[in-house]
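Trainee: For the sequence shown, numbering that gives the first Met the number 0 assigns the number 0 to the initial residue and increments by one for each residue that follows. The structure under discussion is supplied below as structure tokens; questions concerning it will follow.
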Amino acid sequence: MSPRGTSEELRVAVIGTGRMGADHVRRIQEVTSGARVSAVVDLDAERAKTIASRVDGCTAHTCLCIRDRADVDAVLVASPGPAHEATLLTAFEHGLPVLCEKPLTPDAASALRVLEAECELGRRLVQVGFMRRYDAEYVRLKSLLETGQLGRPLLLHNRHRNVASPPGFTSDMLISDSVAHETDVTRWLLGHEIAAVTVLRPTPSASAPDALQDPQFVVFETDGGAVSDVEIFVNCGFGYQVQAEVVCERGTARIGDGHAMVTHMAGRWGGTIDQDYTVRFADAYDREIQAWVDATRRGEVTGPSVWDGYAAAAVCEAGVRALTDGGRVEIDLVEKPPLYR
Ligand code: ISE
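Right under this line is the structure:
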């Protein structure tokens, strides 16, 4: 049943039709069942019109005029992070369920305002788009850890490599835009909060654009006594690679080696490496959006919460401070509200 009490398709407004938003519009139309895109919103009127023209009955808008629309049951937010707070608060006013791409908001103070607003409503409306929680390999790793067979997790090693950074990508964004994923993966896999962060700055790669501190090496200390490290390298040149290895008391488990198909040819063996996150995590995105649509039609909200988005924002903010000022920066979260326990 849709939130409006019919078993009809969920009518979704997609806010932001850049790379991720456009991909989600395609996904909802071609892959997801039980939903359709009824409206798209983008400051770029031409882009909104182009995307809307690909979908029967979809209207294009340049502002959040969804507020009084009768043809919107839920909102998918894929606009730039600084615009999220206003969109989320508007969705709350209208009781609309939201899938909000990461980051929830760009800093801890704005994330906390969203958290307080949702707590005031007294019910969850938001699923945050940490899609790695829907990736088959991460899900298997999490299930294995939960069996307890390997004992307590002690260390988590993460590698996060992109082929090339987009124009305008700054050193801070390696943390706030890229390592944001590992803040969530660390908290989710280990079931700990991140208590402190340190960022080391190796000599930048000659392939990195001017003044970009790339790569970086980030170390998280958790409140459960584990250490999680992240190599973030956004101009590695050769492929999109995300790997994780958990070291536990009685064994280790590793994902992301990308061994889907191995070829033997001309005296060598090997395989291909995905070039982009929309390809590497395509299945995860498909599962994430389907899970959101299914839960929303049941009148439920599941998946990563505003608390997870707030914790990630606080860790990234501390990470950027550690990158800029050097040293170890502690993270001070507010007490977790009952809504998220
Ligand atoms: C991008 O925004 C993402 O979310 C990708 O998953 C990540 O690999 C990339 O570094 C970010 O810029």
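Heads up, the beta-carbon is just placed ideally off N, CA and C, and yes, glycines get one too. Every value quoted in this text rests on a predicted model; they were computed, and no experiment measured them.
According to DSSP, is Val226 part of a helix, a strand, or is it coil?
Mentor: Along the sequence shown, one-based indexing puts residue 226 at 227. In the structure shown, Val226 sits in a strand (DSSP, three-state: E or B).
Trainee: At a threshold of 6 Å, does Asp176 count as lining the ligand ISE (C-beta to nearest heavy atom)?
Mentor: The residue you call residue 176 lines up with position 177 of the sequence shown. Flag set: Cβ of Asp176 near the ligand ISE.
Trainee: Ends of the alpha helix (DSSP H) at Val184?
Mentor: Reading the sequence shown from its first residue, position 185 is the one you call residue 184. Here the alpha helix (DSSP H) through Val184 covers Ala179 to Leu189.
Trainee: Measuring only from the beta carbon, is Asn234 closer than 6 Å to any heavy atom that is part of the ligand ISE?
Mentor: Within the sequence shown, the letter at position 235 stands for residue 234. Result no, Cβ not under 6 Å from the ligand ISE.
Trainee: Which word fits Ala107, buried or exposed, when buried means at least 16 other C-beta atoms lie within 10 angstroms of its C-beta?
Mentor: Residue 107 sits at position 108 when you count from the first residue of the sequence shown. Looking at its Cβ environment, which holds 16 or more other Cβ atoms inside 10 Å, Ala107 is buried.
Trainee: For Thr5, count neighbouring Cβ atoms within 10 angstroms of its own Cβ and tell me buried if that reaches 16, exposed if not.
Mentor: In the sequence shown, the residue the question calls residue 5 occupies position 6. Residue confidence for Thr5 is low, a pLDDT of 48 falling below 50, so the modelled location carries little weight; the figure read from the coordinates is stated next. Under this definition Thr5 is an exposed residue.
Trainee: Under 7 Å between the Cβ atoms of Ile27 and Val39?
Mentor: The sequence position of residue 27 within the sequence shown is 28, counting from 1. The sequence position of residue 39 within the sequence shown is 40, counting from 1. Result no, Cβ atoms of Ile27 and Val39 do not sit closer than 7 Å.
Trainee: Taking the alpha carbon of Tyr133 as the reference point, which residue from Ala313, Val305, Ser304 and Arg286 has its own alpha carbon closest?
Mentor: Within the sequence shown, the letter at position 134 stands for residue 133. Among Ala313, Val305, Ser304 and Arg286, the Cα nearest to that of Tyr133 belongs to Arg286.
Trainee: With 16 as the cutoff for other CB atoms within 10 Å, does Ala85 come out buried or exposed?
Mentor: Your numbering for residue 85 matches position 86 in the sequence shown. Label assigned to Ala85: exposed.
Trainee: Please state whether DSSP places Pro166 in a helix, a strand or coil.
Mentor: Against the sequence shown, residue 166 aligns to sequence position 167. Three-state DSSP puts Pro166 in coil, outside helix and strand.
Trainee: Measure from the alpha carbon of Gly326 to the alpha carbon of each residue in Phe216, Gly224 and Val54, then state which is nearest.
Mentor: Residue 326 sits at position 327 when you count from the first residue of the sequence shown. The residue with the shortest Cα to Cα distance from Gly326 is Phe216.
Trainee: Just the C-alpha distance for Cys99 and Arg267, rounded to the nearest angstrom, thanks.
Mentor: In the sequence shown, counting from the first residue as 1, residue 99 sits at position 100. In the sequence shown, counting from the first residue as 1, residue 267 sits at position 268. Near 44 Å, if we compare the C-alpha coordinates of Arg267 and Cys99.
Trainee: Identify, in the order they occur along the chain, each residue of the same chain with its Cβ nearer than 6 Å to the Cβ of Ser227, setting aside the five sequence neighbours on each side.
Mentor: As a position in the sequence shown, residue 227 is number 228, starting the count at 1. Cβ neighbours of Ser227 beyond the five flanking positions: Leu155, Thr185 and Phe219.
Trainee: So does Asn157 have its beta carbon nearer than 6 Å to some heavy atom of the ligand ADP?
Mentor: The ligand ADP is absent from the structure shown, which contains only the ligand ISE.
Trainee: Measuring alpha carbon to alpha carbon, tell me which of Ala77, His263, Arg160 and His159 ends up nearest Val11.
Mentor: Within the sequence shown, numbered from 1, the residue matching residue 11 stands at position 12. Nearest C-alpha to Val11: Ala77.
Trainee: Tell me the rounded alpha-carbon separation between Ala135 and His258.
Mentor: Counted from its first residue, the sequence shown places residue 135 at position 136. Counted from its first residue, the sequence shown places residue 258 at position 259. Using only the alpha carbons, I get a separation of about 14 Å.
Trainee: For Glu334, count neighbouring Cβ atoms within 10 angstroms of its own Cβ and tell me buried if that reaches 16, exposed if not.
Mentor: By one-based count along the sequence shown, residue 334 stands at place 335. Its Cβ having fewer than 16 others within 10 Å, Glu334 is exposed.
Trainee: Looking at the secondary structure, which residues open and close the beta strand (DSSP E) in which Phe219 lies?
Mentor: Numbered from its first residue, the sequence shown carries residue 219 at position 220. Start and end: Gln215 to Thr221.
Trainee: At a cut-off of 6 Å, is Tyr133 close to the ligand ISE when judged by its beta-carbon and the heavy atoms of the ligand?
Mentor: Position 134 of the sequence shown, counted from the first residue, corresponds to residue 133. Answer for Tyr133: no, Cβ out of range of the ligand ISE.
Trainee: Assess, as a yes-or-no matter, whether the region 172-182 is touched by the region 312-319 under the definition of 3 or more beta carbon pairs within less than 8 Å.
Mentor: yes
Trainee: So for Ile50, helix, strand or coil by DSSP?
Mentor: Taking the first residue of the sequence shown as position 1, residue 50 is located at position 51. Residue state, collapsed to three classes: helix.
Trainee: So, for Pro294: in the same chain, excluding its five sequence neighbours on each side, which residues have a beta-carbon less than 8 Å away from its beta-carbon?
Mentor: Within the sequence shown, residue 294 is the residue found at index 295, counting from 1. At residue 294 the sequence reads Ala, which differs from the Pro that was named. Residues Gln126, Val300, Thr301 and Gly302 of the same chain have their beta carbon placed closer than 8 Å to that of Ala294, with the five preceding and five following residues left out of the count.
Trainee: Can you have a look at Phe237 and say buried or exposed, based on whether 16 or more other CB atoms are within 10 angstroms of its CB?
Mentor: For this step, residue 237 is matched to residue 238 along the sequence shown. The residue in question, Phe237, is exposed, as its Cβ has fewer than 16 Cβ neighbours within 10 Å.
Trainee: For Tyr339, is the beta carbon positioned less than 6 Å from some heavy atom of the ligand ISE?
Mentor: Within the sequence shown, numbered from 1, the residue matching residue 339 stands at position 340. No, Cβ of Tyr339 sits at least 6 Å from all heavy atoms of the ligand ISE.
Trainee: Does the Cβ of Tyr276 lie closer than 6 Å to at least one heavy atom of the ligand ISE?
Mentor: By one-based count along the sequence shown, residue 276 stands at place 277. At least one heavy atom of the ligand ISE is nearer than 6 Å to the Cβ of Tyr276, so yes.
Trainee: Counting only the same chain and skipping the five closest in sequence on each side, list residues whose C-beta sits under 7 Å from that of Ala116.
Mentor: Here residue 116 refers to the residue found at position 117 of the sequence shown. Closer than 7 Å at Cβ, skipping near neighbours: Leu88 and Phe91.
Trainee: By a C-beta neighbour count over all protein chains shown, 10 Å radius and 16 as the cutoff for buried, is Ser1 buried or exposed?
Mentor: In the sequence shown, the residue the question calls residue 1 occupies position 2. In this predicted model, Ser1 has a pLDDT of only 44, less than 50, meaning its place in the structure is not dependable; the value taken from the coordinates is given anyway. That one is buried.
Trainee: Comparing C-alpha positions only, which one of Glu7, Ala210 and Val196 sits nearest to Thr202?
Mentor: As a first step, residue 202 must be located in the sequence shown, where it is residue number 203. Comparing Cα positions, the closest option is Ala210.
Trainee: So what does DSSP say about Glu115, is it helix, strand or coil?
Mentor: Walking along the sequence shown from the start, residue 115 turns up at place 116. DSSP, read as helix, strand or coil, puts Glu115 in helix.
Trainee: Tell me the rounded alpha-carbon separation between Thr251 and Val261.
Mentor: By 1-based counting over the sequence shown, the position of residue 251 is 252. By 1-based counting over the sequence shown, the position of residue 261 is 262. Distance between the alpha carbons of Thr251 and Val261 is about 23 Å.
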